[in-house]
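Written below as structure tokens is the structure these notes are about.
There are 2 protein chains.
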Amino acid sequence: MAYTEYFTPTHVYFGPETEKLAGKVLKDLKVRKVLLHYGSGSAEKSGLLGVVRASLTENGIDFAELGGVKPNPRLSLARKGIEICKTQGIDFILAVGGGSVLDSAKCIGYGTPYDGDVWDFYCGKKVPEKIVPIGAVLTLSATGSEMSNSSVITSDEVTPNDKFGCNTNLGRPVFALMNPELTYSVSKYQTGSGSTDIMMHTLERFFHNGPNLELTDEIAASLLRTVIENTKRALENPCDYDARANLMWAGSLSHNGLTHMGYVSGGDWACHRLEHELSAVYDVAHGAGLSAIWSSWARYVKHTCPERFARLGRLVFGIRETDADKAADLTIDSFERTFQEFGMPVRIRGLGIDASDDVCMMLAEKASLKGAKTLGNFQILRTEDMYQIFKAAK
Amino acid sequence: MAYTEYFTPTHVYFGPETEKLAGKVLKDLKVRKVLLHYGSGSAEKSGLLGVVRASLTENGIDFAELGGVKPNPRLSLARKGIEICKTQGIDFILAVGGGSVLDSAKCIGYGTPYDGDVWDFYCGKKVPEKIVPIGAVLTLSATGSEMSNSSVITSDEVTPNDKFGCNTNLGRPVFALMNPELTYSVSKYQTGSGSTDIMMHTLERFFHNGPNLELTDEIAASLLRTVIENTKRALENPCDYDARANLMWAGSLSHNGLTHMGYVSGGDWACHRLEHELSAVYDVAHGAGLSAIWSSWARYVKHTCPERFARLGRLVFGIRETDADKAADLTIDSFERTFQEFGMPVRIRGLGIDASDDVCMMLAEKASLKGAKTLGNFQILRTEDMYQIFKAAK
């Protein structure tokens with residue numbers, strides 16, 4: 001039986017000052033003790049952490065703290081969080097930050113009620129059966145982790161690092177407090193990178209090997225058009241509330257399942273997997289890594305179904321070319337130009353990485369586990385295909 | 001603090017044969033005894049109830065049954081359901097049908113753990129604090145009750161009948177099994193009426209008195225365009241899977257909160273309230289009642305913000321007229337023509353009702369509780385306004 005599941009239980013509170021609801025929401029959930037989890041300084045400096053702490057205290061919620069999450073969040077820090085949760089009777093983890101903090105919180109949540117090594121869940125040895133529930137105060141529009149089932153963690157215990165994901169419905173946050181004003185201070189580069197990530201979550205779902213639901217295609221195109229338009233506005237004026245609000249909500253919708261509803265396969269995801277190798281080894285911003293690869297992937301797989309690229313180009317950019325192959329080229333060019341307008345690289349060298357042929361082969365072998373697995377389903381990629389894509393993207 | 005909440009916890013299983021998952025899903029939820037609740041014959045004749053019963057039995061789920069739900073579901077039948085649930089230890093209600101069966105199930109769910117009269121929740125005397133959880137096997141694309149917080153019940157214990165709603169997050173079903181093939185047998189009239197209801201859930205949200213989120217406007221327009229296109233297809237070929245699938249998913253999205261995300265007011269809803277008086281007194285199909293009123297409401301309130309009507313017309317019908325007032329007129333005309341193409345009435349007489357001025361005043365006084373309350377927020381309506389709208393819609 002082939003069906004699609006849609007499950008988005010996260011209770012979203014969206015608008016200015018919603019971070020102040022943290023204590024009340026946790027109290028209503030009858031939480032006893034929270035782990036307040038955050039990044040490397042900006043949430044402290046901006047005063048946001050102070051607001052959240054005050055909200056917890058006012059509502060009588062006890063809490064411990066763990067800061068220091070970096071982009072491409074590390075296993076070693078998550079292990080510290082698991083230790084704190086196990087020893088201090090934590091029954092809820094509140095992530096204050098972007099996707100890295102959320103993914104780290106999910107890892108801590110999985111590891112706390114588990115007797116074994118939490119990395120088991122990321123390298124596919126085990127499937128988690130429990131989690132310490134997660135909530136979010138979101139400060140970055142990008143990964144959609146505030147509603148998604150996904151957590152991606154980088155193991156800094158091996159060289160080169162491994163970056164693996166664990167996707168389960170347990171990982172969907174219980175609530176997300178989403179105040180677009182908290183993203184006013186996000187830099188131009190991180191804004192562009194975040195928007196690329198948002199777009200890629202929908203693009204990865206759009207290209208798949210099954211039948212399509214017209215409503216989902218239309219919503220996907222609405223989302224992509226809106227992100228393109230509002231990223232440009234946010235880059236011009238970082239404090240444009242409407243632009244930041246559109247990006248924030250688009251980030252959640254792009255990865256909560258809405259943009260693959262009715263697509264039985266769930267998407268392709270080859271670009272994400274190829275990028276994970278780049279960011280595991282070179283620690284680049286995820287969105288920038290995605291834009292460096294996408295157009296090379298697209299040109300490599302285009303022949304599989306140029307009509308699908310043409311449809312996307314018509315819906316998003318109004319491309320009217322009737323020859324599917326030419327329309328597909330125009331579509332790929334348009335996305336490439338868009339990423340460039342966001343200030344993103346569209347080749348790996350734009351990340352400051354000199355990807356020799358040997359490096360391309362190393363990345364391809366890492367992505368395919370030395371040929372043991374393929375990537376994608378729109379077109380299935382083997383090691384040689386991955387190598388050719390990395391080479392084209394140099 | 002002005003914010004929007006988005007909360008859609010319903011776990012959706014979407015695709016052919018998903019009704020067969022009923023027993024397994026209930027077993028996973030550790031349900032002990034179900035009330036199987038349904039309508040007046042079609043689910044039995046089609047064999048659907050047999051499939052669902054077999055699925056429950058195979059999974060060891062005990063169940064009682066209550067059929068007989070009619071369109072505009074009645075309080076008296078819900079009372080019977082409450083009695084069954086209270087005396088037979090029911091801990092889950094499985095609605096097999098459309099919005100009427102779901103709304104009746106929600107009413108039974110509210111009433112079972114409550115010592116007082118369940119009607120208290122509908123006439124606003126009390127707010128429910130508990131519910132016996134609900135699941136759905138959906139057979140009609142219309143009300144969106146399978147993901148919404150809404151239950152609308154008609155009291156057949158007073159003359160003329162009262163039709164009131166109870167909206168709480170408790171009322172959102174735990175799961176919904178959505179097989180578009182189950183709607184192949186829906187008549188042309190019910191298909192048109194259902195699609196009108198779907199469109200109205202988005203239209204009622206689009207017209208409101210606050211700022212707009214561009215992404216939500218774009219998604220709303222995508223949904224409306226898709227419903228218009230696919231209703232025509234389903235009317236031509238009732239067994240067109242893609243058309244039925246688009247309508248079914250649009251029905252859920254149109255009323256689960258997605259199409260008012262970022263709109264703080266939550267929508268206008270005056271048309272729904274005016275229509276509830278029509279269907280309470282004359283027992284008409286809800287969607288048909290809505291199309292009979294909408295264009296008269298729209299022409300009456302248009303002057304409040306013709307630019308909003310113009311924006312909708314541009315997004316949905318591609319209307320390029322630059323004069324906002326003229327564009328608003330063209331937009332209203334286009335929706336009116338669309339409802340007619342669905343086979344729906346656009347005046348009350350098209351429902352077979354001779355609405356004299358006295359009848360219009362009776363309906364207006366009923367809707368305003370004799371002047372005690374106003375309707376709407378895009379433009380606030382008083383009794384005289386409601387009377388004028390009913391008169392224009394005669």
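Just so you know, the protein sequences line up as chains D and R, in that order. Just so you know, we're using our numbering here: the first sequence kicks off at 1 and counts up by one. Just so you know, we're using our numbering here: the second sequence kicks off at 1 and counts up by one. Just so it is clear, CB atoms sit at the ideal spot from N, CA and C, and this is done for glycine as well.
Check the C-beta distance from D/Trp249 over to D/Cys271 and give it rounded, since I have them as a contact under 8 Å.
Sequence index remark: in the first sequence, residue 249 of chain D carries index 249 (1-based). Sequence index remark: in the first sequence, residue 271 of chain D carries index 271 (1-based). D/Trp249 to D/Cys271, Cβ: 23 Å. No contact.
For R/Leu315, which option in R/Phe342, R/Leu351, R/Met261, R/Ala220 has the closest C-alpha, if you only look at C-alpha atoms?
Taking the first residue of the second sequence as 1, we reach residue 315 of chain R at position 315. The shortest Cα separation from R/Leu315 among R/Phe342, R/Leu351, R/Met261, R/Ala220 belongs to R/Ala220.
Compute the Euclidean distance between the alpha carbons of R/Ile84 and R/Phe92, then round it to the nearest angstrom.
As a working mapping, residue 84 of chain R is identified with position 84 in the second sequence. As a working mapping, residue 92 of chain R is identified with position 92 in the second sequence. One C-alpha to the other measures close to 12 Å.
Measure from the alpha carbon of D/Val284 to the alpha carbon of each residue in D/Asp358, D/Tyr189, D/Gln388, D/Met200, then state which is nearest.
Locating residue 284 of chain D in the first sequence gives position 284, where the first residue counts as 1. Ranking D/Asp358, D/Tyr189, D/Gln388, D/Met200 by Cα distance to D/Val284 puts D/Tyr189 first.
Counting only beta-carbon atoms, is D/Ala78 nearer than 7 Å to chain R?
Mapped onto the first sequence, residue 78 of chain D falls at position 78. It does not: the Cβ of D/Ala78 has no partner Cβ on chain R nearer than 7 Å.
Pull up the distance between the alpha-carbon of D/Gly262 and that of D/Lys126, whole angstroms please.
Position 262 of the first sequence, counted from the first residue, corresponds to residue 262 of chain D. Position 126 of the first sequence, counted from the first residue, corresponds to residue 126 of chain D. If I take the Cα positions, the gap works out to 28 Å.
State the Cα-Cα distance for the pair R/Glu341 and D/His303, rounded to the nearest angstrom.
Here residue 341 of chain R refers to the residue found at position 341 when the second sequence is read from its first residue. Here residue 303 of chain D refers to the residue found at position 303 when the first sequence is read from its first residue. The straight-line gap from Cα to Cα measures roughly 40 Å.
Taking only the alpha-carbon atoms, compute the straight-line gap between R/Thr139 and R/Ser40 and give it to the nearest angstrom.
Position 139 of the second sequence, counted from the first residue, corresponds to residue 139 of chain R. Position 40 of the second sequence, counted from the first residue, corresponds to residue 40 of chain R. For R/Thr139 and R/Ser40, the distance between alpha carbons rounds to 13 Å.
Which residue marks the beginning of the alpha helix (DSSP H) containing D/His11, and which one marks its end?
Residue 11 of chain D sits at position 11 when you count from the first residue of the first sequence. Element bounds for D/His11: not the alpha helix (DSSP H) but the beta strand (DSSP E), 4-14.
With 8 Å as the C-beta to C-beta threshold (strictly closer), list the residues of the region 234-248 of chain D near chain R in chain order.
Listed by position along the chain: Asp242, Ala245, Asn246.
Report yes or no: do three or more beta-carbon pairs, one from the region 108-125 of chain D and one from the region 21-28 of chain D, lie closer than 8 Å?
No, the region 108-125 of chain D does not touch the region 21-28 of chain D.
For D/Ile61, verify whether its CB is less than 6 Å away from any heavy atom of the ligand FAD.
The ligand FAD is not among the ligands present in this structure, which contains no ligands whatsoever.
What runs of the alpha helix (DSSP H), each 4 residues or longer, lie entirely inside the region 314-360 of chain D?
As far as the region 314-360 of chain D is concerned, its whole alpha helix (DSSP H) runs of at least 4 residues are 324-341.
Run through the DSSP bridge pairs and tell me what R/Arg74 is partnered with.
Here residue 74 of chain R refers to the residue found at position 74 when the second sequence is read from its first residue. Answer by DSSP bridge pairing, in chain order: R/Thr154.
I'd like the ranges of any alpha helix (DSSP H) spanning at least 4 consecutive residues and lying wholly in the region 87-150 of chain R.
Listed in chain order, the complete alpha helix (DSSP H) runs (minimum 4 residues) inside the region 87-150 of chain R are 99-111, 119-122.
Based on the DSSP secondary-structure assignment, which residues constitute the bridge partners of R/Met178?
Taking the first residue of the second sequence as 1, we reach residue 178 of chain R at position 178. Answer is R/Phe14, R/Leu138.
Under the DSSP definition of a beta bridge, which residues are partnered with R/Leu36?
Indexing the second sequence from 1 puts residue 36 of chain R at position 36. DSSP, once it has assigned bridges, lists R/Glu65, R/Leu94 as partnering R/Leu36.
How long is the line joining the alpha carbons of D/Tyr6 and D/Ile134, rounded to whole angstroms?
For the purposes of this step, residue 6 of chain D is taken as residue 6 along the first sequence, with counting starting at 1. For the purposes of this step, residue 134 of chain D is taken as residue 134 along the first sequence, with counting starting at 1. Cα to Cα, D/Tyr6 sits roughly 19 Å from D/Ile134.
State the start and end residues of the unbroken beta strand (DSSP E) segment that holds D/Asp162.
For the purposes of this step, residue 162 of chain D is taken as residue 162 along the first sequence, with counting starting at 1. Counting along the chain, the beta strand (DSSP E) containing D/Asp162 begins and ends at 162-167.
Examine the Cβ distances between the region 142-155 of chain R and the region 71-78 of chain R and report whether three or more of them are shorter than 8 Å.
A contact exists between the region 142-155 of chain R and the region 71-78 of chain R.
Name the two residues that bound the continuous alpha helix (DSSP H) containing R/Ala234.
The sequence position of residue 234 of chain R within the second sequence is 234, counting from 1. R/Ala234 -> alpha helix (DSSP H) spans 214-236.
So, R/His37 versus R/Ala105, is the Cβ gap smaller than 7 Å?
Reading the second sequence from its first residue, position 37 is the one you call residue 37 of chain R. Reading the second sequence from its first residue, position 105 is the one you call residue 105 of chain R. Yes. Within cutoff.
Taking 7 Å as the CB-CB limit, is D/Gly89 close to chain R?
By one-based count along the first sequence, residue 89 of chain D stands at place 89. Output row for D/Gly89: interface = no.
Pull up the distance between the alpha-carbon of D/Arg311 and that of D/Thr216, whole angstroms please.
Sequence index remark: in the first sequence, residue 311 of chain D carries index 311 (1-based). Sequence index remark: in the first sequence, residue 216 of chain D carries index 216 (1-based). Roughly 13 Å between the two C-alpha positions.
Mind checking the region 3-29 of chain R against chain D and listing, in chain order, the residues whose C-beta falls within less than 9 Å of any C-beta there?
Listed by position along the chain: Tyr3, Thr4, Glu5, Tyr6, Phe7, Thr8, Pro9, Thr10, His11, Val12, Tyr13, Phe14, Gly15, Pro16, Glu17, Thr18, Lys20, Leu21.
Using Cβ-Cβ distances below 8 Å, what residues of the region 198-222 of chain R are close to chain D?
So the list reads Pro211, Leu213, Glu214, Leu215, Thr216, Glu218, Ile219, Ala221, Ser222, given in the order they occur along the chain.
Are there 16 or more other CB atoms within 10 angstroms of the CB of D/Arg349, so buried, or fewer, so exposed?
Within the first sequence, numbered from 1, the residue matching residue 349 of chain D stands at position 349. Under this definition D/Arg349 is an exposed residue.
Given that R/Thr226 touches chain D, what residues does it touch there, using C-beta distances under 7 Å?
Here residue 226 of chain R refers to the residue found at position 226 of the second sequence. Within chain D, the residues near R/Thr226 are Glu214, Leu215, Glu218.
From R/Thr183 to D/Leu170, what distance separates their C-alpha atoms?
Looking up residue 183 of chain R in the second sequence gives position 183. Looking up residue 170 of chain D in the first sequence gives position 170. For R/Thr183 and D/Leu170, the distance between alpha carbons rounds to 32 Å.
Under 7 Å Cβ to Cβ from D/Gly210, same chain only, skipping five residues before and after it: list those, please.
The residue labelled residue 210 of chain D in the question sits at position 210 within the first sequence. So the list reads Tyr263, Val264, Ser265, once near-sequence residues are dropped.
Pull up the distance between the alpha-carbon of R/Ala64 and that of D/Arg299, whole angstroms please.
As a position in the second sequence, residue 64 of chain R is number 64, starting the count at 1. As a position in the first sequence, residue 299 of chain D is number 299, starting the count at 1. R/Ala64 and D/Arg299: Cα-Cα distance of roughly 58 Å.
Who are the neighbours of R/Ala54 on chain D, taking C-beta pairs under 7 Å?
The count along the second sequence starts at 1 and reaches residue 54 of chain R at position 54. Within 7 Å Cβ-Cβ: nothing; R/Ala54 doesn't reach chain D, min ~15 Å.
Which first and last residues belong to the alpha helix (DSSP H) in which R/Glu384 is found?
In the second sequence, residue 384 of chain R corresponds to position 384, counting from 1. Its alpha helix (DSSP H) spans residues 383-392.
Drop a sphere of 10 angstroms on the beta-carbon of R/Gln88, count the other beta-carbons inside from all chains shown, and report buried for 16 or more, exposed for fewer.
Locating residue 88 of chain R in the second sequence gives position 88, counting from the first residue. Label assigned to R/Gln88: exposed.
Is there a Cβ from chain D that is less than 7 Å from the Cβ of R/Ala176?
On the second sequence, position 176 is the one that residue 176 of chain R refers to. By this cut-off, R/Ala176 is not an interface position.
Using a Cβ-Cβ distance under 7 Å, would D/Met362 count as near chain R?
For the purposes of this step, residue 362 of chain D is taken as residue 362 along the first sequence, with counting starting at 1. Not one chain R Cβ lies under 7 Å of D/Met362.
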